[in-house]
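Residue numbers (the UniProt record's numbering): 1 to 97.
Yeah, the Cβ is synthetic: ideal placement off N, Cα and C, and Gly gets one too.
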Amino acid sequence: MAKGPLTRPAMVKPEPAQGETKTRLSNVKVNRNRTTSENPKTIRMTPAEKVMCSELVDEIQDLTTKTITDSTVLRAALYLAKEVGPEKMLEMIKEHL
């Protein structure tokens with residue numbers, strides 16, 4: 001049997017160091033491009049293009065811990081295409097497709 005009620009020692013918080021401002025950690029909301037609610041888009045590719053895409057995915061995956069898929073690479077290609085402009089895209093289409 002206990003002799004009396006149990007008590008906890010008082011909690012002592014450390015004082016902030018001199019010259020430092022007191023800051024709090026907080027979560028920052030990040031808006032991500034979520035595509036799970038969108039209907040999938042079917043893309044037809046030749047076997048050589050599929051291999052090219054898979055090899056590119058593997059090369060990029062080796063550089064990061066983020067999961068990279070064929071879809072991720074194709075979506076990134078849209079942003080690259082937008083940067084270079086429609087003239088360069090038309091040139092690539094005529095040359096390769």
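Asked                                                                                                                                                                    : Found
Can you tell me which of the three DSSP states Thr7 falls into?                                                                                                          : coil
According to DSSP, simplified to helix, strand and coil, what is Pro47?                                                                                                  : helix
Does the beta-carbon distance from Leu51 to Asp70 come in below 8 angstroms?                                                                                             : A small correction: the amino acid at residue 51 is Val; Leu does not occupy that position in the sequence shown. No, Cβ-Cβ distance for Val51 and Asp70 is not below 8 angstroms.
So what's Leu56 in DSSP terms, helix, strand or just coil?                                                                                                               : helix
Can you find the residues in the same chain that come closer than 6 angstroms, C-beta to C-beta, to Ser60, ignoring five residues on each side of it along the sequence? : Correcting the residue type first, residue 60 is Ile in the shown sequence and not Ser. Cβ neighbours of Ile60 beyond the five flanking positions: Ile68.
What is the DSSP secondary structure of Glu15, reduced to helix, strand or coil?                                                                                         : coil
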